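Colleague: Position one of the sequence shown corresponds to residue 9 (the working numbering), numbered consecutively onward.
For glycine and all other residues, C-beta sits at the position ideal for the given N, C-alpha and C.
This one's a predicted model, so the numbers in the text were calculated from it and none came from an experiment.
Sharing a structure, written as structure tokens. Questions coming.
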Amino acid sequence: MEVLTAYPGLHAVVGHRLNHWLWDKKWYWLARFLSHLIRWLTGIEIHPGAKIGRRFFIDHGMGVVVGETSVIGDDCTLYQGVTLGGTSWEKVKRHPTLGNNVVVGAGAKVLGPINIGDGARVGSNSVVVKDVPAGATVIGIPGHTVKPRVAEAHLKRAQMAKRIGFDAYGLTRQMSDPVAHAVDCILDHLHVTDERLTFILEKLAQSGVDVGELEIPEIDLEHLGDDAAGDASRAGTIPAAEKNS
Ligand SMILES: CC(C)(COP(=O)(O)OP(=O)(O)OC[C@H]1O[C@@H](n2cnc3c(N)ncnc32)[C@H](O)[C@@H]1OP(=O)(O)O)[C@@H](O)C(=O)NCCC(=O)NCCS
């Protein structure tokens, strides 16, 4: 109920589906007039000629402008204040084309007949005037690609977690949990240690020293707690008072 009644982005998109249909049927004035009414109601201006894919989401919405020849793929998100604008009045393709899964941050301006690749992210308040490759993140004015350092670190952690049989289900980029952060640090440390060990083993092998194959044991996550208690007890690390209680 809340979504149906209090999400201007939803109203604007539903209205656009009708307006685009009218536009295709060449009912230009009616389509334009209805899109004007929807703009008045929602603060979101989508030209009826714009082609928009499935599951398009406009968050907050106020101040969003989508130009006539814009093309938006599936699963894209725009935040408030985004402009998909043109840089000329010529009656040609003059607005951007967004691939699938593109996110455009609040206040960003994407200008001209440029292509924003699948999965790209446009930082809030940036001004993008050139093509953006798939998966890239662009920020600033004019928009430039930033190296996804976080994504790289995340990938390495996931690889390391997989190697040691650890389930990295909880480790996302957005995670601010201190325990998850500690696990991230351990995985980073393990990664470096692993790289060094591999290097040493290669050097040893080159020098004719056979160290054999070493298997990394998998972690049994289900019985992790039991094992830890058992191991601690066996190793005598549980304080006497705790053992007796
Ligand atoms: C661009 C964006 C997607 C990057 O997210 P990320 O992958 O987590 O990247 P980071 O936060 O690690 O930032 C990477 C670098 O870009 C910078 N940066 C991030 N967003 C920026 C922006 N909008 N403008 C300028 N610089 C930005 C960071 O300071 C960092 O710089 P550094 O490498 O010098 O430290 C994100 O910052 C963004 O703008 N998202 C839009 C969110 C939005 O509009 N929300 C509205 C909610 S109402």
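Quick one: grab the DSSP three-state call for Phe65.
Modeller: On the sequence shown, position 57 is the one that residue 65 refers to. Reduced to three states, the DSSP call for Phe65 is strand.
Colleague: Since Val73 and Glu53 are thought to touch, with beta carbons under 8 Å apart, how far apart are those beta carbons, to the nearest angstrom?
Modeller: The count along the sequence shown starts at 1 and reaches residue 73 at position 65. The count along the sequence shown starts at 1 and reaches residue 53 at position 45. Taking the Cβ atoms as the reference, Val73 lies roughly 5 Å from Glu53, within the contact range of under 8 Å.
Colleague: At what residues does the alpha helix (DSSP H) containing Gly94 begin and finish?
Modeller: Position 86 of the sequence shown, counting from 1, holds the residue named residue 94. First-last for Gly94: undefined, no H or E at that position.
Colleague: Give me, in chain order, the residues of the same chain whose beta-carbon lies closer than 6 Å to that of Glu76; leave out the 5 immediate sequence neighbours on both sides.
Modeller: Working through the sequence shown from its first residue, we reach residue 76 at position 68. Excluding residues within five positions, the ones whose Cβ falls inside 6 Å are His55 and Gly57.
Colleague: Please confirm whether any heavy atom of ligand 1 lies closer than 7 Å to the CB of Thr145.
Modeller: Against the sequence shown, residue 145 aligns to sequence position 137. Yes, since a heavy atom of ligand 1 falls inside the 7 Å radius drawn around the Cβ of Thr145.
Colleague: Shorter than 7 Å, the distance from the beta carbon of Gly216 to the closest heavy atom of ligand 1, or not?
Modeller: Translated into the one-based positions of the sequence shown, residue 216 becomes position 208. No, the beta carbon of Gly216 sits no closer than 7 Å to any heavy atom of ligand 1.
Colleague: Within the 8 Å Cβ cut-off, does Val110 reach chain B?
Modeller: You won't find chain B in this structure, because it holds only one protein chain.
Colleague: Within a Cβ cutoff of 6 Å, which residues of the same chain sit near His19, ignoring the five residues on either side of it in sequence?
Modeller: What you label residue 19 is simply residue 11 of the sequence shown in a count that begins at 1. The answer, listed in chain order, is Thr50.
Colleague: Can you find the residues in the same chain that come closer than 6 Å, C-beta to C-beta, to Ala39, ignoring five residues on each side of it along the sequence?
Modeller: Counting from 1 along the sequence shown, the entry for residue 39 is found at position 31. For Ala39, where only same-chain residues beyond five positions count, the Cβ hits under 6 Å are Asn27, Leu30, Trp31 and Pro56.
Colleague: Just how far apart, CA to CA, sit Gly178 and Leu106?
Modeller: Working through the sequence shown from its first residue, we reach residue 178 at position 170. Working through the sequence shown from its first residue, we reach residue 106 at position 98. In this prediction, Gly178 scores a pLDDT of 47, lower than 50, which makes its location untrustworthy; the coordinate-derived value is nonetheless stated afterwards. Rounded to whole angstroms, Gly178 to Leu106 spans 30 Å at the Cα level.
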